[in-house]
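**Student:** Residue numbers (my numbering): 136 to 582.
Beta carbons: idealized from backbone N, C-alpha and C, even for Gly.
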Ligand code: PLP
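1. At what residue ranges does the region 495 to 546 contain a whole run of the alpha helix (DSSP H), taking only runs of 4 or more?
2. Tell me whether residue 357 counts as near the ligand PLP, meaning its Cβ is closer than 7 Å to at least one heavy atom of that ligand.
3. Looking at the structure shown, is residue 554 part of a helix, part of a strand, or coil, going by DSSP?
4. If I measure Cβ to Cβ from residue 291 and keep anything under 7 Å in the same chain, skipping five residues before and after, which residues do I get?
5. Please report the distance separating the alpha-carbon of residue 355 from that of residue 551.
6. Give the DSSP-derived three-state secondary structure of residue 136 in the structure shown.
7. Report the residue ranges of all alpha helix (DSSP H) runs contained in full by the region 151 to 218; include only those spanning at least 4 residues, in chain order.
8. Comparing alpha-carbon positions, which option in 277, 168 and 389 lies nearest residue 348?
9. Could you check the C-alpha separation between residue 136 and residue 403 for me, to the nearest Å?
10. Leaving aside the five residues before and after residue 412 along the sequence, list all residues of the same chain whose C-beta is less than 7 Å from its C-beta, in chain order.
11. Heavy atom of the ligand PLP less than 7 Å from the Cβ of residue 418, yes or no?
12. Using the C-alpha atoms, what's the distance from residue 472 back to residue 560?
13. Could I get the ranges of all uninterrupted beta strand (DSSP E) runs contained in the region 237 to 269, with 3 residues as the minimum, in chain order?
14. Roughly how many angstroms lie between the CA atoms of residue 261 and residue 366, to the nearest whole one?
15. Just curious, the alpha helix (DSSP H) that residue 278 is in, first and last residue?
16. What are the complete beta strand (DSSP E) segments, minimum 3 residues, inside the region 301 to 381?
17. Given 7 Å as the limit, tell me if residue 390 has its C-beta closer than that to any heavy atom belonging to the ligand PLP.
18. Based on the DSSP output, what are the partners of residue 481 in its beta bridges?
19. Closest to residue 183 by CA distance: which of 336, 544, 318 and 374 is it?
20. What are the boundary residues of the beta strand (DSSP E) that includes residue 429?
21. Thinking C-beta only, is residue 295 closer than 8 Å to residue 431?
22. Looking only at DSSP bridge pairs, what is residue 396 linked to?
23. Determine the direct distance from the alpha carbon of residue 451 to that of residue 425, and round the result to whole angstroms.
24. Cβ of residue 202 within 8 Å of Cβ of residue 469?
25. State the start and end residues of the unbroken beta strand (DSSP E) segment that holds residue 410.
26. Can you pull the DSSP bridge partners for residue 387?
27. Is the separation between the beta-carbon of residue 353 and that of residue 331 shorter than 8 Å?
28. Just checking, does the region 211 to 220 make contact with the region 448 to 465 on the three C-beta pairs under 8 Å criterion?
29. Could you pull out every residue in the same chain whose Cβ sits closer than 6 Å to the Cβ of residue 577, ignoring the five residues on either side in sequence?
30. Below 8 Å between beta carbons: does that hold for residue 374 and residue 407?
31. Give me the Cα-Cα distance between residue 304 and residue 485, rounded to the nearest whole angstrom.
32. Beta-carbon separation of residue 230 and residue 466 under 8 Å?
33. Using the rule of at least 16 other Cβ atoms within 10 Å of the residue's Cβ for burial, across every protein chain shown, is residue 161 buried or exposed?
34. Comparing alpha-carbon positions, which option in 547, 536, 488 and 517 lies nearest residue 89?
35. What three-state label does DSSP hand residue 418 in the structure shown?
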């Protein structure tokens, strides 16, 4: 059979990201064949609601002909143009300009990458360049947050705090440090927002003092921690951390790879927090996953320092596919779709999703429900009274994922018993209700 032969070819040749190769060989691949709106169809013809927008990226939903047309038009006219040697292409220049117009504060300079990991990696290089240009080369220590995810590039993976991204690699990250997460449901200081903000500020202060304030280069946050289990900080947390960094001359990086492009409501989550970072990283929703692209936003003062520091010397950071014209053409079309109704729909659908998921709190397995906009999580527990987590292992997560799949729903089942939701912003009310209903059925079958 078509699907069976694909499964064998996959087993033999395709290495999957973030997977146990042995378990994958045992279970085999699920092949997706087509998609439209918020629905994906697998190779056997089974239709499912994609409650995770691929990998939190297909914000616009699948099957927009206008995006396909924009890519095809650009491929016909100019499929490739380097951004090296002072060259460029119209879509890349226009996209940078449209994004800078909409970005918080003075994040006026945009550096295009291929995705989120190399966006984060680029910030590490730019930040080192910045401090050298300022005559402060000793500022080479980086801080991020436990439960944080910042991709899996060789340097950026160190900012990622999730153990799976470190186990077995043994790469030296002694220049990278972590402070505890704001994770409200399991925070030693309890769930009071002010207490959480104060605890995080105290942790950052003591971390900076331990490293040596004159040595700290930058602090990285996600406005909402995604891969750590959709951990939403209290209102004011991001701003408090940003202000601490400003006061201590530490660069503040907001990683909006998941939270950008309407995922939490506005174009960027930072805007809602009234925060202007020194750097902002994005990817995923930038092109809605139709083609790869990421973007680093740089504040005026950072750009000026780097530019002045380099003078007429070339700044040696670039990729063959930086500012790819086809990706940029897709980005421009996606932005148009977002602003012509998709963001508005996402706000309405997000409110319905949160309300629906909150209704699952009466289920014996549900310990916590959290999120903002079209980004949410349901945390499962063995015992609600003492928040006993599910056994930390991939197997329960796999079983829940499989059950949800049987019930026609794609969700993310994290190994720690957290179910992640990030549906396309185009979801109808009926689809949102189906996501909630199919989750309840899945939980009942899991009991
Ligand atoms: N940063 C954050 C916050 C992410 O969630 C991710 C991916 O999920 C990345 C960086 C890495 O992005 P990519 O997978 O496009 O390399």
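**Tutor:** This is what the structure holds:
1. Counting only runs of 4 or more, we get 529 to 541.
2. Counted from its first residue, the chain shown places residue 357 at position 222. Within the cutoff, so yes.
3. The residue you call residue 554 lines up with position 419 of the chain shown. Collapsing the DSSP output to three states places residue 554 in a strand.
4. In the chain shown, residue 291 corresponds to position 156, counting from 1. 252, 255, 256, 259 and 285.
5. Here residue 355 refers to the residue found at position 220 of the chain shown. Here residue 551 refers to the residue found at position 416 of the chain shown. Residue 551 has its alpha-carbon roughly 23 Å from the corresponding atom of residue 355.
6. Counting from one through the chain shown, the residue named residue 136 turns up at place 1. Only weak support is given to the placement of residue 136: the predicted model assigns it a pLDDT of 44, under 50, and the value that follows is read from those uncertain coordinates. It is coil, neither helix nor strand.
7. Correct list: 156 to 162, 188 to 191 and 200 to 212.
8. Here residue 348 refers to the residue found at position 213 of the chain shown. The shortest C-alpha to C-alpha distance from residue 348 to any of 277, 168 and 389 is the one to 277.
9. As a working mapping, residue 136 is identified with position 1 in the chain shown. As a working mapping, residue 403 is identified with position 268 in the chain shown. Its pLDDT being 44, under 50, residue 136 is placed unreliably by the model, and nothing is read from it.
10. Indexing the chain shown from 1 puts residue 412 at position 277. Listed in chain order, the non-local C-beta contacts of residue 412 below 7 Å within the same chain comprise 377, 387, 388, 389 and 405, local neighbours out to five positions each way being set aside.
11. Looking up residue 418 in the chain shown gives position 283. Indeed, a heavy atom of the ligand PLP lies less than 7 Å from the Cβ.
12. Residue numbering aside, residue 560 sits at position 425 when the chain shown is read from its first letter. Residue numbering aside, residue 472 sits at position 337 when the chain shown is read from its first letter. The straight-line gap from Cα to Cα measures roughly 11 Å.
13. Runs found: 244 to 248.
14. Counting from one through the chain shown, the residue named residue 261 turns up at place 126. Counting from one through the chain shown, the residue named residue 366 turns up at place 231. Those two C-alpha atoms are separated by around 28 Å.
15. Counting from 1 along the chain shown, the entry for residue 278 is found at position 143. Here residue 278 belongs to no alpha helix (DSSP H); instead the beta strand (DSSP E) covers 276 to 280.
16. 311 to 314 and 351 to 356
17. Position 255 of the chain shown, counted from the start, is the residue given in the question as residue 390. Yes - the ligand PLP has a heavy atom lying nearer than 7 Å to the Cβ of residue 390.
18. Within the chain shown, residue 481 is the residue found at index 346, counting from 1. Residue 481 pairs with nothing; no bridge assigned.
19. Numbered from 1 along the chain shown, position 48 holds the residue referred to as residue 183. Cα-wise, what sits closest to residue 183 is 544.
20. The sequence position of residue 429 within the chain shown is 294, counting from 1. Start and end: 429 to 433.
21. Counted from its first residue, the chain shown places residue 431 at position 296. Counted from its first residue, the chain shown places residue 295 at position 160. At the C-beta level, residue 431 and residue 295 stay beyond 8 Å of one another.
22. Within the chain shown, the letter at position 261 stands for residue 396. Answer is none; residue 396 lacks a bridge partner.
23. By one-based count along the chain shown, residue 425 stands at place 290. By one-based count along the chain shown, residue 451 stands at place 316. If you take the alpha carbons of residue 425 and residue 451, they lie about 29 Å apart.
24. If you number the chain shown from 1, residue 202 lands on position 67. If you number the chain shown from 1, residue 469 lands on position 334. It is a contact, given that the beta carbons lie within the stated cut-off.
25. Along the chain shown, one-based indexing puts residue 410 at 275. Run containing residue 410: none; DSSP gives neither H nor E here.
26. Position 252 of the chain shown, counting from 1, holds the residue named residue 387. In the DSSP output, where bridge partners are listed per residue, residue 387 has 354.
27. Position 218 of the chain shown, counted from the start, is the residue given in the question as residue 353. Position 196 of the chain shown, counted from the start, is the residue given in the question as residue 331. Against a cut-off of 8 Å, the Cβ pair of residue 331 and residue 353 comes out as no contact.
28. yes
29. Locating residue 577 in the chain shown gives position 442, counting from the first residue. So the qualifying residues of the chain are 538, 539 and 542.
30. Mapped onto the chain shown, residue 374 falls at position 239. Mapped onto the chain shown, residue 407 falls at position 272. Not in contact: residue 374 and residue 407 (Cβ atoms no closer than 8 Å).
31. The residue you call residue 304 lines up with position 169 of the chain shown. The residue you call residue 485 lines up with position 350 of the chain shown. One C-alpha to the other measures close to 38 Å.
32. The residue given as residue 230 occupies position 95 in the chain shown. The residue given as residue 466 occupies position 331 in the chain shown. Their beta carbons are under 8 Å apart, which means residue 230 touches residue 466 by this criterion.
33. What you label residue 161 is simply residue 26 of the chain shown in a count that begins at 1. It counts as exposed.
34. In the structure as shown, the chain starts at 136 and stops at 582, and residue 89 therefore has no counterpart that could be examined.
35. Stepping through the chain shown from its first residue, residue 418 is reached at position 283. Coil.
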